[in-house]
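Peer 1:
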């Protein structure tokens, strides 16, 4: 049962893809088989440092197979890759649009990472 | 005696004042602005002795680790992650508290040293130039500044070029000094910055005085603030395109001619008188 | 610079990310109530003297030398404490707990037309990267309903985490370089960071005529990185005079004002300003 995870800003139906991974407000977990969407608060949000590391740990622990994000720090990417999670570059804006684009095979793989921001 | 030269912002003339005071007094110049060290552009020692700055980071022995995740859950700096049946260590996030090694129930965590930068020193004319530098990719300069400040000899006069701002590094620099010299430009920004840094020196219980840089006739805003806060004005460096040019070329003003040297000697004299009080 | 561009480009949203020494509020103001909000960093440990049994389990393990004991009374210095929580884990009496520490104060002002987000770091606190991030987040939340075409951010100096936070998610970085050996060396470091983060960059030189040789060096550096050097601002006594009067240089007739208007025009062109979300950061440097 492949699980797709997206960092989101805002919650519920108003949520949008978050620009930041480590500082996203929550993670949207989408089950591609059942079509079920659940949300969980990002534990990295309250961290004063290493937020991306904490957030990536959470995504690994959820059992995600795929992560859709606009950008990633190198530390987070390292954890996610070690966890065997496929990374794709999301679109900004509506979460459903990005999920639909992923399902249609339109999203490019996320290969570039930025230096980890250490505290940001 | 140790004097910390501070300013709220970059560009106020902190390095100019610190370099030239040290040069005028044949004293020790100490660059603690490790993130943007510029003192070496003015004072370039030929023979440099360097000492490594290290911090401790955890090493996890995979064979002994039972995967209990106690270390990962404990680390508030998020320097550890558990993925693919293995602890991953993110050295950059680690604050070297040693807690993971202490708490590991199976003794799988030991610590090793990681080099994050160095402290260097060398002679230029009669100035002993000290500084610290962080390795590329290392984000926090805190341990480097701490080691520079710890290594400083107690004898002689040390002029410390402090980090900008009023952050923890500026606070540590002020705390390590006997007296603080605040450099301000006579603008609204400059006045605001002096007020801020003054609070910091009060917090660490250090006395301070002010040097006005790029002083122009008729603007007394910094003097008025000093009167209000009861701070002595120890010197005025006039705005002069020649000074600006020489400084931008990396020249040490105090070594150019006697008149320029005298400006800084006068500041030192007034500072000496104030400290002796 | 940031203040002048806010006026010139009529930015409806702006932020001061130099939380160590914020001063944008001295030259641009937004009439309207300031919503203040404390910013908390990592909690720090505190010992409850009622519960402490003075067993000395915590003190030797603290790497930050934050724990002191005077006549069997154990206390933690909040400035020295890094908040690692080890003492708390080790304490057999449950006497140590974490207390939130305020590391800064955020302020958001809006007058219905313009939004201004700023913050100041509490004295002697670190962690300013996180505070910078919060300043930007508050700004983007305030404008989420109807995003203006342009947001201007007065960036943090240096190259550390506050700068990286300033740079994240922006569309254009305007670097203000000083024509001096020090300014050139600062510029190289900043460009390394910005290029690493794939941020588009434009540059200008401030007080360009103070050292034409170094201005030339800045030009060469920009050329080698393929970065447009859009203006050379001459030294102009009108600049400190304007700052002191709490004015920007947007309408100043002098040479600096002229150069700044040129920068405004170039930026508008680079960003192809149209009614969509775009932002720009001014990295004040040197």
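Residue numbers (the working numbering), protein chains in the order written: chain A, -11 to 108; chain B, 5 to 281; chain C, 457 to 742.
Here a beta-carbon is modelled for each residue, glycine too, at the ideal position from N, C-alpha and C.
Between the segment 86 to 97 of chain A and the segment 27 to 42 of chain A, do three or more beta carbon pairs fall short of 8 Å?
Peer 2: No: the two stretches stay apart, fewer than three of their Cβ pairs being nearer than 8 Å.
Peer 1: Is it buried or exposed for residue 544 of chain C, if we count other Cβ within 10 angstroms and need 16 for buried?
Peer 2: By 1-based counting over the third chain, the position of residue 544 of chain C is 88. Its Cβ being crowded by 16 or more others within 10 Å, residue 544 of chain C is buried.
Peer 1: Mind checking the segment 114 to 134 of chain B against chain A and listing, in chain order, the residues whose C-beta falls within less than 8 Å of any C-beta there?
Peer 2: For the segment 114 to 134 of chain B, which is checked against every Cβ of chain A, not one residue is closer than 8 Å.
Peer 1: What are the boundary residues of the alpha helix (DSSP H) that includes residue 155 of chain B?
Peer 2: Your numbering for residue 155 of chain B matches position 151 in the second chain. Where residue 155 of chain B is concerned, the enclosing alpha helix (DSSP H) stretches over 146 to 155.
Peer 1: To the nearest angstrom, how far is the alpha carbon of residue 9 of chain A from that of residue 102 of chain A?
Peer 2: Reading the first chain from its first residue, position 21 is the one you call residue 9 of chain A. Reading the first chain from its first residue, position 114 is the one you call residue 102 of chain A. So the alpha carbons of these two residues sit roughly 11 Å apart.
Peer 1: Return the first residue and the last residue of the alpha helix (DSSP H) that residue 200 of chain B is part of.
Peer 2: For the purposes of this step, residue 200 of chain B is taken as residue 196 along the second chain, with counting starting at 1. 192 to 207 is the extent of the alpha helix (DSSP H) around residue 200 of chain B.
Peer 1: Within the segment -8 to 26 of chain A, note down every full beta strand (DSSP E) run reaching 3 residues or more, in order along the chain.
Peer 2: DSSP runs (the beta strand (DSSP E)) wholly in the segment -8 to 26 of chain A: 14 to 19.
Peer 1: Whose C-beta lies closer than 8 Å to the C-beta of residue 741 of chain C among residues of the same chain, with five residues either side of it excluded?
Peer 2: On the third chain, position 285 is the one that residue 741 of chain C refers to. Caution is warranted here: a pLDDT of 43 is assigned to residue 741 of chain C, below 50, making its placement in the model unreliable, and the coordinate value is therefore given only provisionally. Hits under 8 Å: 613, 631, 632, 633, 634, 639, 642, 643 and 646.
Peer 1: Name, in chain order, the residues that DSSP records as bridge partners for residue 33 of chain B.
Peer 2: Numbered from 1 along the second chain, position 29 holds the residue referred to as residue 33 of chain B. Looking at the DSSP assignment, residue 33 of chain B forms a beta bridge with B:133 and B:163.
Peer 1: Quick one: any contact between the segment 469 to 486 of chain C and the segment 718 to 730 of chain C, if contact means 3 or more CB pairs under 8 Å?
Peer 2: Because the criterion of three Cβ pairs below 8 Å is not met, the segment 469 to 486 of chain C and the segment 718 to 730 of chain C do not touch.
Peer 1: Within its chain, find whatever has a CB closer than 7 Å to the CB of residue 2 of chain A; leave out the 5 residues flanking it on each side and keep chain order.
Peer 2: As a working mapping, residue 2 of chain A is identified with position 14 in the first chain. Nothing listed; no residue qualifies.
Peer 1: Note down, in chain order, all residues in the segment 659 to 673 of chain C with a beta-carbon under 7 Å from any beta-carbon belonging to chain B.
Peer 2: Cβ contacts with chain B: 666, 667 and 670.
Peer 1: Say whether chain A places a C-beta atom closer than 8 Å to the C-beta of residue 624 of chain C.
Peer 2: Position 168 of the third chain, counted from the start, is the residue given in the question as residue 624 of chain C. Chain A contact via Cβ: present.
Peer 1: Could you give the distance in angstroms between the alpha-carbon of residue 178 of chain B and the alpha-carbon of residue 8 of chain B?
Peer 2: Locating residue 178 of chain B in the second chain gives position 174, counting from the first residue. Locating residue 8 of chain B in the second chain gives position 4, counting from the first residue. The straight-line gap from Cα to Cα measures roughly 6 Å.
Peer 1: Give me the chain A residues within the contact set of residue 498 of chain C, using Cβ-Cβ distance strictly less than 7 Å, ordered along the chain.
Peer 2: As a working mapping, residue 498 of chain C is identified with position 42 in the third chain. Neighbours of residue 498 of chain C on chain A, chain order: 36.
Peer 1: In chain C, what lies closer than 7 Å to residue 31 of chain A by C-beta?
Peer 2: What you label residue 31 of chain A is simply residue 43 of the first chain in a count that begins at 1. Those within 7 Å of residue 31 of chain A in chain C number zero; the least Cβ separation is about 14 Å.
Peer 1: Say whether the segment 207 to 215 of chain B touches the segment 179 to 189 of chain B, bearing in mind that this needs 3 or more beta-carbon pairs closer than 8 Å, one atom from each stretch.
Peer 2: A contact exists between the segment 207 to 215 of chain B and the segment 179 to 189 of chain B.
Peer 1: Looking at chain B, is there any beta carbon in it that lies within less than 8 Å of the beta carbon of residue 67 of chain A?
Peer 2: One-based indexing of the first chain puts residue 67 of chain A at position 79. Interface residue, yes.
Peer 1: Please give the ranges of any alpha helix (DSSP H) in the segment 25 to 100 of chain A, keeping only runs that are unbroken, at least 4 residues long and fully inside the region.
Peer 2: Listed in chain order, they are 39 to 50, 62 to 70 and 83 to 91.
Peer 1: At a Cβ cut of 9 Å, what residues of the segment 636 to 654 of chain C count as close to chain A, listed as they run along the chain?
Peer 2: For the segment 636 to 654 of chain C, which is checked against every Cβ of chain A, the residues closer than 9 Å are 649, 652, 653 and 654.
Peer 1: Please determine if the segment 562 to 577 of chain C and the segment 535 to 554 of chain C are in contact, where contact requires at least 3 C-beta pairs separated by less than 8 Å.
Peer 2: These segments do not touch.
Peer 1: Going by alpha carbons, who is nearest to residue 237 of chain B out of B:249, B:276 and B:252?
Peer 2: Residue numbering aside, residue 237 of chain B sits at position 233 when the second chain is read from its first letter. Minimum Cα distance to residue 237 of chain B is reached at B:276.
Peer 1: Which term fits residue 245 of chain B, buried or exposed, when burial requires 16 or more other beta carbons within 10 angstroms of its beta carbon?
Peer 2: Working through the second chain from its first residue, we reach residue 245 of chain B at position 241. Residue 245 of chain B should be labelled exposed.
Peer 1: Is the beta carbon of residue 16 of chain B less than 8 Å from the beta carbon of residue 197 of chain B?
Peer 2: In the second chain, counting from the first residue as 1, residue 16 of chain B sits at position 12. In the second chain, counting from the first residue as 1, residue 197 of chain B sits at position 193. Yes.
Peer 1: From the DSSP output, which residues share a beta bridge with residue 92 of chain B?
Peer 2: What you label residue 92 of chain B is simply residue 88 of the second chain in a count that begins at 1. DSSP lists B:85 as partners of residue 92 of chain B.
Peer 1: Helix, strand or coil for residue 268 of chain B? Go by DSSP, reduced to three states.
Peer 2: To locate residue 268 of chain B, count along the second chain from 1; it is residue 264. Three-state result, residue 268 of chain B: helix.
Peer 1: Between residue 80 of chain A and residue 600 of chain C, what straight-line distance do the alpha-carbon atoms span, to the nearest angstrom?
Peer 2: As a working mapping, residue 80 of chain A is identified with position 92 in the first chain. As a working mapping, residue 600 of chain C is identified with position 144 in the third chain. Computed Cα separation, rounded: 14 Å.
Peer 1: To be precise: take each residue of the segment 159 to 182 of chain B, compare its Cβ to all Cβ atoms of chain C, and keep it if any distance is under 7 Å. Which residues remain?
Peer 2: Within the segment 159 to 182 of chain B, the residues whose Cβ lies closer than 7 Å to some Cβ of chain C are 168, 169, 170, 171, 172 and 175, listed in chain order.
Peer 1: Specify the secondary structure class of residue 40 of chain B as computed by DSSP and reduced to three states.
Peer 2: Position 36 of the second chain holds residue 40 of chain B. In this structure, residue 40 of chain B counts as coil in the three-state DSSP scheme.
Peer 1: Helix, strand or coil, according to DSSP, for residue 521 of chain C in the structure here?
Peer 2: Counted from its first residue, the third chain places residue 521 of chain C at position 65. The answer is coil: DSSP assigns residue 521 of chain C none of H, G, I, E or B.
Peer 1: I want to see whether chain B comes within less than 8 Å of residue 71 of chain A, judged by CB atoms only; does it?
Peer 2: Residue numbering aside, residue 71 of chain A sits at position 83 when the first chain is read from its first letter. Yes, because at least one Cβ of chain B sits closer than 8 Å to the Cβ of residue 71 of chain A.
Peer 1: So, for residue 95 of chain B: in the same chain, excluding its five sequence neighbours on each side, which residues have a beta-carbon less than 8 Å away from its beta-carbon?
Peer 2: Position 91 of the second chain holds residue 95 of chain B. Contacts found: 61, 83 and 118.
Peer 1: Taking all protein chains shown into account, do 16 or more other C-beta atoms lie within 10 angstroms of the C-beta of residue 127 of chain B, making it buried, or fewer, making it exposed?
Peer 2: For the purposes of this step, residue 127 of chain B is identified with residue 123 of the second chain, where counting begins at 1. The residue in question, residue 127 of chain B, is exposed, as its Cβ has fewer than 16 Cβ neighbours within 10 Å.
Peer 1: In this structure, how does DSSP classify residue 428 of chain C when only helix, strand and coil are distinguished?
Peer 2: In the structure as shown, chain C starts at 457 and stops at 742, and residue 428 of chain C therefore has no counterpart that could be examined.
Peer 1: Would you call residue 696 of chain C buried or exposed, if buried means 16 or more other Cβ atoms sit within 10 Å of its Cβ?
Peer 2: Locating residue 696 of chain C in the third chain gives position 240, where the first residue counts as 1. Under this definition residue 696 of chain C is a buried residue.
Peer 1: Does the Cβ of residue 602 of chain C have 16 or more other Cβ atoms within 10 Å, making it buried, or fewer, making it exposed?
Peer 2: Within the third chain, residue 602 of chain C is the residue found at index 146, counting from 1. Exposed is the call here.
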